[in-house]
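S.K.: The sequence shown maps to residues 32 to 219 in this note's numbering. There's a structure below that I have some questions on.
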Amino acid sequence: MIRVDAILCKLNSSKLSDIDLFRTICDSSLTDGIRCPHCGNTSELKRHSVYERALISISEGRRKEHTVSITRVKCHCGKTSALIPDLLIPYGSYSIRFVLYVLWKYLTRIKTVEALCDEFHISRSTLYHWIHTFISQYNLWFGAIKEIDVLTSSSLQLFSSIEKLPKLFYKRFRFSLFQNHQATLSGT
Numbered sequence: 032m033i034r035v036d037a038i039l040c041k042l043n044s045s046k047l048s049d050i051d052l053f054r055t056i057c058d059s060s061l062t063d064g065i066r067c068p069h070c071g072n073t074s075e076l077k078r079h080s081v082y083e084r085a086l087i088s089i090s091e092g093r094r095k096e097h098t099v100s101i102t103r104v105k106c107h108c109g110k111t112s113a114l115i116p117d118l119l120i121p122y123g124s125y126s127i128r129f130v131l132y133v134l135w136k137y138l139t140r141i142k143t144v145e146a147l148c149d150e151f152h153i154s155r156s157t158l159y160h161w162i163h164t165f166i167s168q169y170n171l172w173f174g175a176i177k178e179i180d181v182l183t184s185s186s187l188q189l190f191s192s193i194e195k196l197p198k199l200f201y202k203r204f205r206f207s208l209f210q211n212h213q214a215t216l217s218g219t
């Protein structure tokens, strides 16, 4: 897997929807300057194939489901890798902004957990998993400086306002925000 910068800047500031961001990235030249995670080469990545996956995003406060095409590239070393824009959570269907939006709605406490989960078509265990993952990754990012025990609106706002957070987080920890499945030693 190769993470592609999705021009997110700040997670909550983009006026483009997740699907529009995805299309913008896919229309651009994806392989320029991208390094093979296996051999490190940057000049020999060729488009190899595509596969479809789901993208669940947020648009105007509502859950939207899309089918998107993911490009795979092949390096001269013979290995293939998928080009995954960093707005997508690897090995899952949800966009990072969808998860952060649901967490924000959870914090407003306007609806019960059950009503919130029904509105966004997620299970309670998924919501609580996202809360736990957010707290864990927030503490990983900020370390001992600003460690938290519970999800708060200020922690969510601070985390969401960091410029290019998905890219920086991946670069620092070698796994993506809200990623469940950990990468193998080979980087795939």
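Even for Gly, the Cβ is constructed at its ideal location relative to N, Cα and C. Being a predicted model, the structure only gives us computed values, none of them experimental.
1) Measuring alpha carbon to alpha carbon, tell me which of 113, 200, 149 and 73 ends up nearest residue 173.
2) For residue 48, which residues in the same chain have their Cβ closer than 7 Å to its Cβ, ignoring the five residues on either side in sequence?
3) Going by C-alpha distance, which of 190, 52 and 66 is nearest residue 104?
4) Given a cut-off of 8 Å, decide if residue 117 and residue 184 are closer than it, judged by their beta-carbon atoms.
5) I'd like to check one pair, residue 82 with residue 101: are the Cβ atoms closer than 8 Å?
6) Skipping 5 residues on each side, what residues in its chain have a beta carbon closer than 6 Å to that of residue 190?
7) Going by DSSP, name the residue or residues bridged to residue 193.
8) Less than 8 Å between the CB atoms is what I'm expecting for residue 209 and residue 127, so what's the real figure, rounded?
9) Do you know whose CA, among 130, 69 and 53, lies nearest residue 159's CA?
10) Tell me which residues share the same chain as residue 95 and place their Cβ nearer than 6 Å to its Cβ, disregarding the 5 neighbours each side in the sequence.
11) Taking buried to mean at least 16 other C-beta atoms within 10 Å of its own C-beta, is residue 181 buried or exposed?
12) What is the residue span of the alpha helix (DSSP H) that residue 83 lies within?
13) Would you mind reading off the limits of the beta strand (DSSP E) that contains residue 114?
M.R.: Looking at the coordinates:
1) Taking the sequence shown and counting its residues from 1, one reaches residue 173 at position 142. Out of 113, 200, 149 and 73, 200 has the C-alpha closest to the C-alpha of residue 173.
2) Along the sequence shown, one-based indexing puts residue 48 at 17. Shown here for residue 48: same chain residues with a beta carbon closer than 7 Å to its own, the five before and five after excluded, namely 88 and 90 in chain order.
3) The residue given as residue 104 occupies position 73 in the sequence shown. Residue 104 has its Cα closest to that of 66, out of 190, 52 and 66.
4) The residue given as residue 184 occupies position 153 in the sequence shown. The residue given as residue 117 occupies position 86 in the sequence shown. Against a cut-off of 8 Å, the Cβ pair of residue 117 and residue 184 comes out as no contact.
5) Here residue 101 is taken as the residue at index 70 of the sequence shown, counted from 1. Here residue 82 is taken as the residue at index 51 of the sequence shown, counted from 1. Yes.
6) In the sequence shown, residue 190 corresponds to position 159, counting from 1. Closer than 6 Å at Cβ, skipping near neighbours: 169.
7) Numbered from its first residue, the sequence shown carries residue 193 at position 162. Listed as beta-bridge partners of residue 193 by DSSP are no residues whatsoever.
8) On the sequence shown, residue 209 is found 178 positions in, with the first residue counted as 1. On the sequence shown, residue 127 is found 96 positions in, with the first residue counted as 1. Taking 8 Å as the upper bound for CB-CB distance, residue 209 and residue 127 are in contact here, some 6 Å apart.
9) For the purposes of this step, residue 159 is identified with residue 128 of the sequence shown, where counting begins at 1. For residue 159, the closest of 130, 69 and 53 by C-alpha to C-alpha distance is 130.
10) Start at 1 with the first residue of the sequence shown, and residue 95 comes out as number 64. Excluding residues up to 5 positions away in sequence, 88 lie with their Cβ nearer than 6 Å to the Cβ of residue 95 in the same chain.
11) Working through the sequence shown from its first residue, we reach residue 181 at position 150. Exposed is the call here.
12) Indexing the sequence shown from 1 puts residue 83 at position 52. Residue 83 -> not in any alpha helix (DSSP H); beta strand (DSSP E) instead, spanning 77–90.
13) Taking the sequence shown and counting its residues from 1, the one referred to as residue 114 is at position 83. Residue 114: member of the beta strand (DSSP E) spanning 111–116, first to last residue.
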